[in-house]
Amino acid sequence: MTSKRWIAIGIALGLFLLWMLVPSANEEVSVDELLGTNGITEEVVSQRGEEKIALLEIDGTIAASSGDSLFASAGYNHQFFMAQLDEIANDELVKGILLEVNSPGGGVYESAEIARAIKAIQEDREIPFYVSMKNMAASGGYYVSASADKIYAADETMTGSIGVIMSGLNMSGLMDKLGISDETVKSGELKDVGSTTRKWTEKDRQVLQEMIDSSYGRFVDIVAEGRHMPEEKVREIADGRIYDGVQAKENGLVDELGFPEDAMAALQSENRLKNASIIQYQLPRSFADTFASSWLGTRVNGLLGQKNTQADALSKVLNSFSSEEAPRMMYLYGGE
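Going letter by letter, the sequence shown gives residues 622 to 957 in this note's numbering.
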């Protein structure tokens, strides 16, 4: 029997077991129920009193994410994070928040969405919100932290990078060499502004720069308001550069040097929350998680080419030329 037949048999067996383990076909089962994304649960980190401190985490690039992939990789989940903020907004027993940030930033929209939700909690619930910056809290990572009542960073933390970036590839020169021409038909000269297949005009650059400047102004306003700092002072230090924790404390971007445990201790002692329980939110362990971590799931995962391979790397390069990867504004350190 050939290896292809063995592979086909293995996949068929996996699909059969998948069918056996899910509810019967005569039951109406939503995608959310199947994938375990229909709700979140609380995990008690430290059990004390009835009042609670919510421990949140942003780890990775801040970007729209989808948790409905059977073999989705671990990382920052934007929908899940926003759901956690919603839980806090509606739970009167949550009396404080500690957000641990380890992120180079990310999408302009997603960063603003987080910042707005946090600000609403601060105003509506009037509970303390502390931030502990870990390895990195740059650009969008700083944007979502700026309104905190107190910001902690380690000496080695990389933070700052306040600004907006729009990066992309332009293939017009390569296309000229290959004899390939862009034959786009458009209703106006700026309909394809930022195109990767034609040379940019000065008007292209002007339009995009105006967008960048507008978004940068909003970033400056967020920092100025959150850090109680004059706009002129913010603009002096917000030229895109990064700072370590010591430098950030010196220029007013963070309040104290320390680690997450130091930030938590300060949150507890400064807000009479020493008797509050510390909780984290969890997505329920879904069938997808269980299957993907099983021996069979691992084998199917490998057979279907889900692991990082040269093909994956090539796919990423090719995707960078697609319309989805056209230049867009990012609160992101380094443009990666």
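All C-beta atoms, glycine included, are put in the ideal place defined by N, C-alpha and C.
{"query": "Residues of its chain near Lys807, where Cβ-Cβ distance is below 8 Å and the 5 sequence neighbours each way are ignored", "result": "Asp813"}
{"query": "Whole runs of the alpha helix (DSSP H) within the region 784-825, excluding any shorter than 4 residues", "result": "793-799"}
{"query": "N- and C-terminal bounds of the beta strand (DSSP E) containing Ala736", "result": "Not the beta strand (DSSP E): Ala736 falls in the alpha helix (DSSP H), residues 729-746."}
{"query": "Helix, strand or coil at Tyr952 according to DSSP, with G and I counted as helix", "result": "strand"}
{"query": "Chain-order list of residues whose beta-carbon lies under 6 Å from that of Arg949 (same chain, five-residue window excluded)", "result": "none"}
{"query": "Which residues DSSP lists as bridging Val722, in chain order", "result": "Ile679, Met754"}
{"query": "Collapsed DSSP secondary structure at Gly696 in the structure displayed", "result": "coil"}
{"query": "Extent of the continuous alpha helix (DSSP H) run through Ala884", "result": "881-891"}
{"query": "Span of the alpha helix (DSSP H) around Glu663", "result": "It is not in any alpha helix (DSSP H) - Glu663 instead sits in the beta strand (DSSP E) that spans 662-667."}
{"query": "Run of the beta strand (DSSP E) containing Phe866, from where it starts to where it stops", "result": "The identity of residue 866 in the sequence shown is Gly, whereas the question assumes Phe. From DSSP, Gly866 is part of no beta strand (DSSP E) but of the alpha helix (DSSP H) over 866-871."}
{"query": "For Val643, the three-state DSSP class (helix, strand or coil)", "result": "Interpretation of Val643 is limited by its pLDDT of 48, a score under 50 that renders its predicted location unreliable; the figure taken from the coordinates is listed afterwards. If DSSP states are grouped into helix, strand and coil, Val643 belongs with coil."}
{"query": "Extent of the continuous beta strand (DSSP E) run through Gly781", "result": "779-781"}
{"query": "Rounded separation between Ala869 and Asn723 - CA only", "result": "16 Å"}
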